[in-house]
Amino acid sequence: MKSNLISINDIARALGISPSTVSRALKDHPDISTETKRIVKEYAEQVNYRPNALALSLKRQRSNTLGLIIPEITHHFFSSVISGIEELAYAKGYRLIICQSNEDYNREVINTQVLLDNRVDGILISISKTTHDHGHFKDLIDSGIPLVFLDRVSEEVETDRVVTADFEGALIATSHLLETGRKRILHLASPKHLHVGRLRQEGYLKALQNYGIEPDPDLIIQCDTRLEVYQLKEEILRIAPKIDGIFAVNDFTAIAAMQILQENGSRIPEDIAVTGFGNDPIASIAYPPLTTVEQSGFEMGRQAVEILIKRIENPSTFIDFQTRVIPVSLEKRAST
Numbered sequence: 010m011k012s013n014l015i016s017i018n019d020i021a022r023a024l025g026i027s028p029s030t031v032s033r034a035l036k037d038h039p040d041i042s043t044e045t046k047r048i049v050k051e052y053a054e055q056v057n058y059r060p061n062a063l064a065l066s067l068k069r070q071r072s073n074t075l076g077l078i079i080p081e082i083t084h085h086f087f088s089s090v091i092s093g094i095e096e097l098a099y100a101k102g103y104r105l106i107i108c109q110s111n112e113d114y115n116r117e118v119i120n121t122q123v124l125l126d127n128r129v130d131g132i133l134i135s136i137s138k139t140t141h142d143h144g145h146f147k148d149l150i151d152s153g154i155p156l157v158f159l160d161r162v163s164e165e166v167e168t169d170r171v172v173t174a175d176f177e178g179a180l181i182a183t184s185h186l187l188e189t190g191r192k193r194i195l196h197l198a199s200p201k202h203l204h205v206g207r208l209r210q211e212g213y214l215k216a217l218q219n220y221g222i223e224p225d226p227d228l229i230i231q232c233d234t235r236l237e238v239y240q241l242k243e244e245i246l247r248i249a250p251k252i253d254g255i256f257a258v259n260d261f262t263a264i265a266a267m268q269i270l271q272e273n274g275s276r277i278p279e280d281i282a283v284t285g286f287g288n289d290p291i292a293s294i295a296y297p298p299l300t301t302v303e304q305s306g307f308e309m310g311r312q313a314v315e316i317l318i319k320r321i322e323n324p325s326t327f328i329d330f331q332t333r334v335i336p337v338s339l340e341k342r343a344s345t
């Protein structure tokens, strides 16, 4: 199928002038007369001419385009991250290509190649749950592409990172449960290989230690999606009579756990108090409204793209890699 895009050569043929004259007229070159500039620009607007972005990027050695790879676009946290990135990126003259890994390693690898093929100037990424081999990240670094991790990071790759205060968030959430008199607290955890999940588990354990409570390995269950809560329903219900609190690694898991507990006779928070992590909009309308850790995806996105743009525009002066930590707070609601 033939492309309908208009080129400089098309304009030149239509106006009976050379392509170089068209190019210089569009750039307001002083050697081109005012009348010729007017004719060229009017015709270019009439035929909806747009510069060839790829050709311009090859000439300038920069595309002014950034790439973003995230696990789920529909997740409120990641949509907030996108908003923070876009606000600053567009203000600085950059466009954004957004890719979704869908928590799939192979798709994540393909996404990195797609972004390279589109000659992005730099990449922001939050890794998928199924990513164990980080070779594609190392390849990006080796090829000179600036890379910034956000939220979920690789510990094997030395580069810039922007993360949530995950340890501190888990510490304050679990401590809040302990302060309300809870002593047998179930932790619904992320996979162990995820840095973010490991830090939240460490925060949970530290809170128990601070209160002189010996951790019970049976009260840590890898379960960080609604589907997994339903799949592990019988195990959670078996444990329910032995616990008086739950700290879940995210809000969706916390709310799903509350649902199955209440459907089977447990009262929230009278029998079991529950906290989540993330402050997704659904947390405030859950029954009962969920106590949760507030994390700012918008600020994470803004700071991540700020670092990336500095890395792109000032490679010789912006040398040392940095890790920025976005602070958290506890949003107390009726579930505790």
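Counting along the sequence shown from 1, when you hit position 10 you're at 19 in this note's numbering, and nothing is skipped either side.
Beta carbons are placed, not taken as given, at the ideal position from N, Cα and C, and that holds for glycine.
Cβ shell of residue i (< 6 angstroms), same chain only, five flanking positions each side left out
i: Leu229; result: It should be pointed out that residue 229 corresponds to Ile in this sequence rather than to Leu. The answer, listed in chain order, is His196 and Ala198.
i: Leu208; result: Asp175 and Phe176
i: Cys108; result: Ile78 and Asn120
i: Lys101; result: Ile318
i: Gly310; result: Val90, Gly93 and Ile94
Buried versus exposed call for residue i [16 or more other C-beta atoms within 10 Å across all chains shown]
i: Thr262; result: buried
i: Val56; result: exposed
i: Arg320; result: buried
i: Ile335; result: buried
i: Ala257; result: buried
i: Ser344; result: buried
i: Gly93; result: buried
i: Lys341; result: exposed
i: Tyr296; result: exposed
i: Thr168; result: buried
i: Thr332; result: exposed
i: Pro324; result: exposed
i: Ala89; result: As written in the sequence, residue 89 is Ser, which differs from the Ala given in the question. By the 10 Å Cβ count, Ser89 comes out buried.
i: Thr326; result: exposed
i: Thr140; result: buried
i: Leu203; result: buried
i: Asn259; result: buried
i: Ile17; result: buried
i: Glu272; result: exposed
i: Gly153; result: exposed
i: Glu95; result: buried
i: Gly144; result: exposed
i: Pro60; result: exposed
i: Gln288; result: The question names Gln, but residue 288 in the sequence shown is Asn. So Asn288 counts as buried.
i: Pro155; result: buried
Endpoints, alpha helix (DSSP H) assigned at residue i
i: Asp1; result: Residue 1 lies beyond the range of the chain shown here (10 to 345); nothing can be said about it.
i: Thr5; result: In the structure as shown, the chain begins at 10 and stops at 345. Residue 5 is therefore absent and cannot be evaluated.
i: Arg104; result: Per DSSP, Arg104 belongs to no alpha helix (DSSP H); it is in the beta strand (DSSP E), Arg104 to Gln109.
i: Val238; result: Arg235 to Gln240
i: Gln268; result: Asp260 to Glu272
i: Ile20; result: Ile17 to Leu24
i: Gly48; result: Note on identity: in this sequence residue 48 is Ile, with Gly being the wrong assignment. Per DSSP, Ile48 belongs to the alpha helix (DSSP H) from Thr43 to Gln55.
Reference residue i, options the options, closest by Cα
i: Pro278; options: Arg191, Thr74 and Ile15; result: Arg191
i: Val283; options: Asn273, His185, Thr326 and Leu241; result: His185
i: Ile181; options: Leu149, Pro155 and Tyr220; result: Tyr220
i: Ile222; options: Ile291, Asp37, Ile194 and His84; result: Ile194
i: Val238; options: Pro290, Met267, Arg104 and Pro250; result: Met267
i: Val302; options: Gln271, Thr173 and His38; result: Thr173
i: Asp113; options: Ile41, Glu81, Leu14 and Gln210; result: Glu81
i: Cys232; options: Glu211, Leu241 and Pro224; result: Leu241
N-terminal and C-terminal residue of the beta strand (DSSP E) that residue i is part of
i: Ser338; result: Ser338 to Glu340
i: Ile94; result: Run containing Ile94: none in the beta strand (DSSP E); it sits in the alpha helix (DSSP H), His85 to Ala100.
i: Val283; result: Ala282 to Gly287
i: Ile335; result: Thr332 to Ile335
i: Gly76; result: Thr74 to Ile79
i: Ile328; result: Where Ile328 is concerned, there is no enclosing beta strand (DSSP E), given that its DSSP letter is neither H nor E.
i: Gly221; result: Element bounds for Gly221: n/a, residue is neither H nor E.
i: Ile194; result: Ile194 to Ala198
i: Gly254; result: Gly254 to Ala257
i: Val157; result: Leu156 to Leu159
i: Gly131; result: Gly131 to Ile134
i: Arg302; result: As written in the sequence, residue 302 is Val, which differs from the Arg given in the question. Note, Val302: beta strand (DSSP E), Thr300 to Glu303.
Same chain, Cβ closer than 8 angstroms to residue i, five either side skipped, listed in chain order
i: Ser27; result: Ala21
i: Leu24; result: Val31, Ile48, Val49 and Tyr52
i: Ile281; result: Ala249, Ile252, Asp253, Gly254, Ile255, Leu270 and Ser275
i: Ile316; result: Val157, Asp169, Val171, Gln331 and Arg333
Beta-carbon contacts of residue i that lie in its chain and below 7 angstroms, excluding the five residues immediately before and after
i: Glu308; result: Gly93 and Ile335
i: Ala9; result: Because the chain is modelled from 10 through 345, residue 9 falls outside the range shown and cannot be assessed.
i: Tyr213; result: Ala179, Thr183, His196 and Phe256
i: Asp126; result: none
i: Ala98; result: Leu75, Leu105 and Val314
| field | Segment contact, 8 angstroms Cβ cut-off, at least three pairs: the segment 154–162 with the segment 128–136 | value | yes
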